[in-house]
Structures are given as C-alpha cells and as structure tokens.
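Encoded as structure tokens, the structure appears first; notes follow it.
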Amino acid sequence: MRLNGMMNKLSYLALLSATLFASYLFAHPTLEQAKELLKSEPTKALKLIQSVHYASLNSAEQIQYAHLYVSSHNLLGQYTGSKAWIEEYSLPETSDSQQMEELFDYSIRAAWAYEATQQYQHAMQWYRLAERYGVRLKDKEKQGYVYLQYSAVESLQGNQYQALKLANRAYILLTDSDDTEMVADLHSQLGILYYLNGDYEHAIRFQEQVLAQATQDNSLQEIAVAHYNLANAYYKWSKVEFSKDKLTTAAINYQQGLALAQKLETKYLQRNHLLGLISLYTYSESLDDAALRVRQLTQLNLDYSGYAKLSYHLVLASYSQAIEDIPSLLAHLDKAKEYYTQPSSSLPAYALDKQKDVAALYAAVGDHQQAFHWLDKYSTQAIGRYKSQTQQKVKELQSEIENKRLEIENRDLNNQAQTRLWVAAITLLILILSFGLLYHQRKRKQQFYQLSNTDFLTGLSNRRHIFEWGEAQFDRLKLSSIMLDIDHFKTLNDTYGHDFGDEVLKTVSSIVTKAARSADVVGRIGGEEFLILLPNVSRHQLSHLAEDIRQKIAQHRFTTPDHKEIQVTASFGITEHRSGSLSNQVNLADTALYNAKRSGRNRSVFSV
277 MRLNGMMNKL SYLALLSATL FASYLFAHPT LEQAKELLKS EPTKALKLIQ SVHYASLNSA
337 EQIQYAHLYV SSHNLLGQYT GSKAWIEEYS LPETSDSQQM EELFDYSIRA AWAYEATQQY
397 QHAMQWYRLA ERYGVRLKDK EKQGYVYLQY SAVESLQGNQ YQALKLANRA YILLTDSDDT
457 EMVADLHSQL GILYYLNGDY EHAIRFQEQV LAQATQDNSL QEIAVAHYNL ANAYYKWSKV
517 EFSKDKLTTA AINYQQGLAL AQKLETKYLQ RNHLLGLISL YTYSESLDDA ALRVRQLTQL
577 NLDYSGYAKL SYHLVLASYS QAIEDIPSLL AHLDKAKEYY TQPSSSLPAY ALDKQKDVAA
637 LYAAVGDHQQ AFHWLDKYST QAIGRYKSQT QQKVKELQSE IENKRLEIEN RDLNNQAQTR
697 LWVAAITLLI LILSFGLLYH QRKRKQQFYQ LSNTDFLTGL SNRRHIFEWG EAQFDRLKLS
757 SIMLDIDHFK TLNDTYGHDF GDEVLKTVSS IVTKAARSAD VVGRIGGEEF LILLPNVSRH
817 QLSHLAEDIR QKIAQHRFTT PDHKEIQVTA SFGITEHRSG SLSNQVNLAD TALYNAKRSG
877 RNRSVFSV
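Per my numbering, the sequence shown runs over residues 277 to 884.
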C-alpha cells in the first residue's frame with residue numbers, strides 16, 4: 277500500500293527539482309532533457325542519464341545526476357539499483373543553501389529505496405538527514421514533509437498511534453501550503469492511513485483529491501497510482517459492506533490505472549493493477565475475467581521478492597482455490613510463506629494481517645492444523661504489537677502527567693491536592709489500559725480457540741476437534757456414533773453451483789443441530805459428511821434420532837438458483853457404544869453408512 281502511495285509525492289520532488297536545477301546558468305543539456313522526461317517516461321529518462329559520464333560532471337551536476345539516477349530507478353521499482361548507487365557514492369559537505377535544497381530532495385529519494393525494501397532503520401537515517409537539511413534551511417514545509425515520511429514508516433510497522441500523531445504534525449505544517457504537489461502527497465498519505473484504519477469513506481475522499489490534482493498536472497504515473505489506491509479502498513469497502521456498485525467502481529479504477537501503466541510501460545504498476553483485478557474477479561466469481569488477467573500477469577515475466585512476492589502468491593492461491601486447482605493452491609501457499617521467515621518485528625502491518633488469509637486458505641483445503649498455526653501466529657504478533665503500543669501510550673501519558681505535576685509544584689507548592697489528583701488520574705488510566713490489554717488478549721485467545729475448533733462454513737465442530745473430544749470422553753460418557761452423508765451432493769454442486777451446495781450444507785447442519793440432544797456433539801468431518809457423538813444413549817434412542825433427522829432433511833424443500841424447489845436426502849450409519857476406541861467405532865459407522873448408500877440411500881443402517 278505504502279509503495280504505491282510513494283508515487284504521488286514523486287511529482288512534488290520532480291517539480292521542485294525542475295525549479296532548483298533550472299537556476300544553474302550552464303545546465304547540463306542531457307540531464308535537463310532527462311529531467312523533463314522523468315515524470316512521463318522514466319525508462320527513457322534513465323537511458324539518457326546513463327549515457328552521461330558521471331566523473332566528467334562538476335559538483336552541482338553530480339548532485340543532479342545522483343538525484344535523477346535514484347529517482348528514475350525508484351519510479352521503475354528498481355530499488356536494488358537505487359541502493360547500489362546510494363551506497364557507492366557519498367554526499368558532499370556543503371553550506372550552500374541551493375545545494376542543501378538539492379540534497380534534501382536526494383535524501384528523501386534515498387530513504388524511499390530503503391523503505392520500499394523494508395529496511396526501515398536505513399530509511400529513517402536518510403529521513404533524519406533530510407530533516408536536518410530542512411532545519412538548517414529554516415523551511416517549515418520541508419520539515420512537515422519529513423514528518424509525513426516518518427508517519428508512513430510508523431504506519432508500515434503497525435504503529436498507527438505514532439503514525440497519526442506524526443501525520444497530524446505534518447498536516448499542521450503543510451495544510452496551508454501553496455505547493456499543490458506537496459499538499460497532494462499529504463492527502464495521499466492521509467488517505468492511506470484512513471484506509472489502513474478501515475475508514476474507507478475518508479480514504480476515498482483524500483485519494484479523489486490526489487487524482488484531481490494529478491489529472492490537472494497531466495501526470496500519468498500519479499494518475500495510475502491514484503486509480504490503484506481508489507480501487508483498493510472501494511474493493512476493501514465492498515468486502516466489509518457488500519455493494520455491487522462499489523465492486524464495479526473498484527474494477528473501473530483498476531482498469532483505468534492498468535491502461536495508463538501499460539502506456540507508460542511500467543511493469544510493476546501493471547502488476548499491482550492486475551493483482552487487484554484478479555483478486556476482485558475471483559471474489560466476485562468472474563473466473564473467466566480472472567483467468568484473462570492471470571495470463572496478462574504471467575506475460576509480464578517479472579521476478580518477485582518481498583511483499584510483492586507475498587501478494588502475488590496469495591492472490592494466485594485464492595484464484596487456484598476458486599478453480600479447484602488444489603496442487604497450485606498449495607504451491608503458491610508454500611511460496612507465500614517464505615516471506616514470513618524474516619523477523620516479525622520488521623513486518624509491515626498489512627503483511628502481518630495477510631497471515632489470516634494464509635490460515636483461511638489452509639482451512640479451505642481442510643488442513644485445520646496449519647490454519648490454526650497461522651491464526652495463532654497472527655494472534656501472537658498482533659497482540660504483541662498492541663501491547664507494545666499500549667505501553668508506549670502509557671509512558672507518554674506518564675511523562676506528560678509528571679511534567680504537569682512538576683509545573684504545578686514549582687508554581688504553587690500549596691496545590692498538593694491538585695497534584696495528588698493528577699497522580700491518581702494517571703494511576704487509574706494505567707489500570708484501565710492494563711485491564712483493557714488483558715481483556716483484549718483474553719478475547720483474542722478465545723476467538724482463535726473457537727476458530728481452530730470450528731468448521732468455517734457451518735459453525736459446527738471441525739474434524740480435529742470432534743475426534744479429540746470424542747477420544748478423550750469415549751469410555752467415560754459411553755459414546756455412540758451416527759454418521760450421515762448427503763446423497764448425490766457432487767451432482768448438486770455441479771448442477772446448481774458451489775454457493776447452493778454451501779447453503780445445503782448449512783441448512784442440513786442446522787437441522788441436525790436442532791434435532792440432536794443438548795448433550796450430543798455434532799461435527800462436520802468431510803465435504804458433505806457429518807458425525808454425531810451421543811453420550812449414554814440406547815439403541816432405540818439412536819434409531820429414533822437418526823430417523824427423525826433423516827425425515828426432516830427429506831421433508832425440507834430447497835430453492836435452487838433457478839427458483840425450483842428440490843428435495844435433498846441423506847444416508848445414515850449407526851454404531852452403539854462398545855469397548856475399544858472412537859476411531860474403531862467410527863469406522864464401523866462408516867461401513868454401515870456405505871451399506872445404506874449401496875442399498876438405495878435415504879435410509880439408516882446399524883453396524884453389525
């Protein structure tokens with residue numbers, strides 16, 4: 277998200293550079309030409325820059341060359357090239373205000389190369405250098421612009437509290453600026469922060485302002501990025517509050533941004549829009565459209581690393597699930613997991629959240645052990661960050677209150693009662709925050725415990741949980757078993773679609789749950805297969821309950837997508853409690869179920 281937001285501010289710096297470099301009396305003609313091409317055709321600009329011999333340039337021209345070289349590589353997403361240059365060539369010492377202006381610009385661009393590759397400490401070193409240039413120049417707008425970059429880095433690391441504080445400082449310094457490009461970048465960053473915090477309406481409002489400014493400036497690259505950020509906000513909003521109009525608007529923005537990226541021949545921008553479209557079409561089940569975009573993405577022939585690699589493989593894993601290509605799904609999941617070998621402390625907040633997508637994909641293929649592992653991994657890391665941020669807030673509040681206490685004490689020693697009130701207030705606040713953190717942790721653990729034990733579709737116990745519980749309680753509760761399987765379920769899926777099949781599964785699970793006794797445990801143990809474990813029950817009760825459920829399923833009328841009413845039936849295998857183990861008993865019930873199927877379906881059969 278942040279990498280695309282960066283592009284909006286590149287035009288500000290490109291415009292700033294145009295003003296600064298034009299002031300040189302003997303500007304280098306090739307570098308001047310490259311500067312003019314930089315915004316619209318960065319590939320051509322880079323070729324021109326590389327045609328110039330760096331050692332032949334004077335000091336001012338070398339700064340210009342370095343600035344253009346790093347800028348063009350950043351615009352093309354070639355951050356390795358940017359960093360190689362940055363680390364080979366050092367900056368000159370200068371007291372000249374004009375050169376400090378240029379070095380401020382260069383420092384910002386150097387920081388972006390490291391920020392884009394998640395080397396946040398290196399990025400912050402360059403941002404701090406830029407801030408020092410801004411302070412020496414006594415330029416409040418430059419200082420505000422650096423606060424904006426600090427805000428972005430904090431946001432990437434999941435520190436939304438600090439990010440919002442820094443963005444507010446930037447807003448105070450920049451909001452009245454006459455520099456439309458700088459204000460556009462401010463709006464872009466605020467839009468991204470609102471997006472990450474789930475306020476899509478405000479995110480869209482800010483990004484629309486960015487798009488309007490980019491359109492007025494005829495900056496095609498910024499227009500493409502603005503379309504991408506708008507599409508992301510509409511798409512995410514439509515998934516939270518489903519709206520066909522929002523989905524359509526998201527698709528249009530992705531398509532418009534893709535067309536511009538193709539015109540500019542910027543492959544990484546094409547990649548971002550194509551991934552957005554594949555995800556959107558997969559979500560809306562427009563699989564032919566998704567397949568077309570997958571082919572276009574493959575034709576780009578890109579190498580993937582970092583977050584781009586994670587995003588690429590998760591999007592294609594979801595698409596593989598939709599087309600029921602399980603081997604491809606698992607292969608993409610294995611590739612996506614490679615991203616998480618790095619320390620969790622360096623993960624951007626949005627990458628940390630992607631662990632929930634990994635869990636959901638594993639759950640979709642029935643690997644609930646892996647699903648739980650990734651949910652637990654996400655929970656642990658998310659709670660850790662929440663705790664760290666809460667402690668940071670407490671420390672800041674403690675510092676503020678202590679400063680206030682000293683101020684009061686120095687001003688009036690007789691106001692001891694008021695001082696005690698402040699100390700009591702902060703103590704109470706710390707307690708509230710601590711209890712809030714403990715409640716949050718407990719709630720998270722309960723949530724993930726429930727998720728790990730529950731079938732995602734029906735809400736019943738999943739296979740792992742019902743078998744673990746059943747083995748533990750088998751002898752103590754004298755458990756008996758009823759297995760049921762929906763008849764001709766594959767035909768239902770093939771004829772009426774998977775959504776209808778899911779509705780059948782959910783309705784059958786509801787019928788079974790309502791008919792079962794309060795002490796019975798019901799689970800979904802396969803695609804259309806259910807297991808009921810019944811404590812202390814007689815053969816007559818088993819027969820009566822199975823027949824009651826069978827009749828209720830058969831009597832229910834399901835409405836198909838083409839508005840027909842159809843009947844669905846199920847077959848049952850029943851086993852009374854006997855000494856041994858649950859797994860042996862379930863195997864007997866499964867054999868009885870097979871006999872029920874073979875003898876005509878829609879019937880109950882006891883094991884022998």
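Heads up, the beta-carbon is just placed ideally off N, CA and C, and yes, glycines get one too. The model shown is predicted, which means the values in this text are computed figures rather than measured ones.
Helix, strand or coil, according to DSSP, for residue i in the structure here?
| i | result |
| --- | --- |
| Asp633 | helix |
| Val459 | helix |
| Thr783 | helix |
| Ala868 | helix |
| Leu810 | strand |
| Val652 | With the sequence shown as reference, residue 652 is identified as Asp, and Val is not the correct amino acid for it. It is helical. |
| Glu407 | helix |
| Arg571 | helix |
| Glu747 | helix |
| Arg793 | coil |
| Asn473 | coil |
| Ile829 | helix |
| Val788 | helix |
| Gly773 | coil |
| Arg874 | helix |
| Thr306 | helix |
| Glu498 | helix |
| Asn505 | helix |
| Gly856 | coil |
| Leu592 | helix |
| Arg815 | helix |
| Leu609 | helix |
| Ile599 | coil |
| Glu430 | helix |
My guess is that residue i and residue j are in contact by the Cβ rule of under 8 Å, so how many angstroms apart are they, rounded?
| i | j | result |
| --- | --- | --- |
| Leu379 | Ser348 | Not confirmed; about 18 Å, so no contact. |
| Tyr615 | Lys653 | That belief does not hold up - the Cβ atoms of Tyr615 and Lys653 are roughly 13 Å apart, past 8 Å. |
| Pro811 | Lys754 | 7 Å |
| Ser383 | Tyr409 | 7 Å |
| Ile480 | Tyr510 | 7 Å |
| Ser316 | Leu536 | That belief does not hold up - the Cβ atoms of Ser316 and Leu536 are roughly 11 Å apart, past 8 Å. |
| Ala507 | Gly467 | No, Ala507 and Gly467 are not in contact; Cβ-Cβ is about 12 Å, not under 8 Å. |
| Thr734 | Lys790 | That pair is no contact at about 13 Å. |
| Ile825 | Ile787 | 7 Å |
| Phe743 | Leu818 | Their Cβ separation, rounded to whole angstroms, is 20 Å, which puts Phe743 and Leu818 out of contact at 8 Å. |
| Val641 | Ile602 | 6 Å |
Can you name, in chain order, every residue of its own chain whose Cβ lies under 7 Å from the Cβ of residue i, other than the five neighbours on each side?
| i | result |
| --- | --- |
| Asp565 | Tyr557 |
| Gly582 | Thr393 and Gln394 |
| Gln438 | Glu430 |
| Tyr365 | Ala342 |
| Phe882 | Ile850 and Ala868 |
| Ser373 | Leu413 |
| Glu823 | Ser880 |
| Thr456 | Gln489 |
State the beta-bridge partners of residue i as determined by DSSP.
| i | result |
| --- | --- |
| Leu586 | Note: Leu586 sits in no beta bridge, so no partner. |
| Phe882 | Ile850 |
| Phe834 | Ile842 |
| Thr730 | Ser737 |
| Arg800 | Phe806 |
| Met759 | Leu807 and Gly849 |
Beta-carbon of residue i versus every beta-carbon of chain C: anything under 8 Å?
| i | result |
| --- | --- |
| Ala527 | In the structure shown, chain C does not exist; there is a single protein chain. |
Closer than 6 Å by C-beta to residue i: which residues in its own chain qualify, once you throw out the five before and the five after it? Chain order, please.
| i | result |
| --- | --- |
| Ala387 | Ala399, Trp402 and Tyr403 |
| Lys721 | Caution is warranted here: a pLDDT of 49 is assigned to Lys721, below 50, making its placement in the model unreliable, and the coordinate value is therefore given only provisionally. Within the same chain, Lys721 has no close Cβ partners at all. |
| Ala321 | Ala310, Leu313, Leu314 and Ser348 |
| Arg739 | Ile801 |
| Gln425 | Tyr403 |
| Leu573 | Leu550 |
| Ser875 | none |
| His741 | Asn729 |
| Leu545 | Ala500 and Ala537 |
| Ala406 | Phe380, Ser383, Ile384 and Val422 |
Starting from the C-beta of residue i, find all residues in its chain whose C-beta is less than 8 Å away, skip the five residues before and the five after it, and write them out in chain order.
| i | result |
| --- | --- |
| Ala488 | none |
| Asn871 | Gly849 and Val881 |
Note to self: So within the stretch 514-557, which uninterrupted alpha helix (DSSP H) runs reach at least 4 residues, ignoring any that extend past its ends?
What the structure shows: Within the stretch 514-557, the complete alpha helix (DSSP H) runs of at least 4 residues are 520-540.
Note to self: Just to confirm the assignment: which complete alpha helix (DSSP H) runs, minimum length 4, are found wholly within the stretch 316-354?
What the structure shows: Scanning the stretch 316-354 for uninterrupted alpha helix (DSSP H) segments of 4 residues or longer gives 318-326 and 335-351, listed from N- to C-terminal end.
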